[in-house]
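Q:
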Amino acid sequence: MYTSIMAAPAAAVGIEGGKILGSVGAGGIALVLTAILWTGIREPKGGGGGKGGDGGGGKKSRIRKRLTSDQAQWVGVAAGTFYMVAGSIWVVGKNLSDAFASVFTGGGFGTAGLGAVSLLLASIMYFRELSPGKAAFIGVLAAGVWAQAGGIWGLPQALILTGAHAIGAT
Numbered sequence: 013m014y015t016s017i018m019a020a021p022a023a024a025v026g027i028e029g030g031k032i033l034g035s036v037g038a039g040g041i042a043l044v045l046t047a048i049l050w051t052g053i054r055e056p057k058g059g060g061g062g063k064g065g066d067g068g069g070g071k072k073s074r075i076r077k078r079l080t081s082d083q084a085q086w087v088g089v090a091a092g093t094f095y096m097v098a099g100s101i102w103v104v105g106k107n108l109s110d111a112f113a114s115v116f117t118g119g120g121f122g123t124a125g126l127g128a129v130s131l132l133l134a135s136i137m138y139f140r141e142l143s144p145g146k147a148a149f150i151g152v153l154a155a156g157v158w159a160q161a162g163g164i165w166g167l168p169q170a171l172i173l174t175g176a177h178a179i180g181a182t
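Numbering (this note's numbering), first residue to last: 13 to 182.
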């Protein structure tokens, strides 16, 4: 005769409930995307001259990866989407989009709806090569306007939020 021994299950190490990134939340993603924008679009400060330079003695600040204009605008769209979802301090992005859209939909340009403002932003994003900082700003604006316009303009928001939910980030 033998006796079976049942061991208590060990604490699960790994992915819990599909949360690949652990517990992040919309506010956390908004914070990370803001940091990516802030660090990816800024020019390095030229402090110090290194060896034999101007006496600074230190290395010059460098950017490892600089966002291109296209990358900055799409990271801006993603950040703007998470600003709206996160709420709290992040409502500034939505308020900015609302104010921008109201300039065109308030009657000063005739009968212009949010679809027209969405087309305006999309055309600027497609036809102009903006600096990364301006492209990121346009991306954040577009996220709020597109979410309110609905229709096909809501597709980027739906894709971003579905992807975030799929990895358990929201």
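Glycine included, each C-beta is placed from N, C-alpha and C at the ideal position. Here the structure is a predicted model, which is why all the values come from computation and not from measurement.
Looking at residue 81: is its Cβ nearer than 8 angstroms to the Cβ of residue 157?
A: No, they are not a contact pair.
Q: Can you give the beta carbon distance from residue 147 to residue 89, rounded, assuming they're within the 8 angstroms contact cut?
A: That pair is no contact at about 10 angstroms.
Q: Are the CB atoms of residue 182 and residue 173 within a distance shorter than 8 angstroms?
A: Yes, the pair counts as a contact, with Cβ atoms nearer than the cut-off.
Q: On the CB-based measure, 16 or more other CB atoms within 10 Å of its CB, does residue 102 come out buried or exposed?
A: Counting Cβ neighbours within 10 Å, residue 102 comes out buried, since at least 16 surround it.
Q: Within a Cβ cutoff of 6 angstroms, which residues of the same chain sit near residue 129, ignoring the five residues on either side of it in sequence?
A: 113, 116 and 157, listed in sequence order.
Q: Does the beta-carbon distance from residue 38 to residue 87 come in below 8 angstroms?
A: For residue 38 and residue 87, no; Cβs fall outside 8 angstroms.
Q: Once DSSP output is grouped into helix, strand and coil, what is the label at residue 77?
A: Of the three classes helix, strand and coil, the one that applies to residue 77 here is coil, per DSSP.
Q: In whole angstroms, give me the CA-to-CA distance for residue 55 and residue 46.
A: Roughly 16 angstroms between the two C-alpha positions.
Q: Tell me whether residue 152 is buried or exposed, calling it buried when 16 or more other Cβ atoms sit within 10 Å of its Cβ.
A: Buried is the call here.
Q: From 149, 144, 125 and 120, pick the residue whose C-alpha is nearest to that of residue 105; which is it?
A: Of 149, 144, 125 and 120, the residue nearest in Cα terms is 149.
Q: Taking residue 92 as the reference, give the member of 48, 142 and 138 with the closest Cα.
A: Nearest option by C-alpha distance: 48.
Q: With distance defined between alpha-carbon atoms, name the residue in 179, 84, 44 and 166 nearest to residue 138.
A: Of the candidates 179, 84, 44 and 166, the one whose C-alpha sits nearest the C-alpha of residue 138 is 84.
Q: Compute the distance between the beta-carbons of residue 144 and residue 41, then report whether it is under 8 angstroms.
A: Not a contact, by the Cβ cut-off of 8 angstroms.
Q: If you follow the alpha helix (DSSP H) that residue 102 is part of, which residue opens it and which one closes it?
A: Unbroken run through residue 102: none, as it is neither H nor E.
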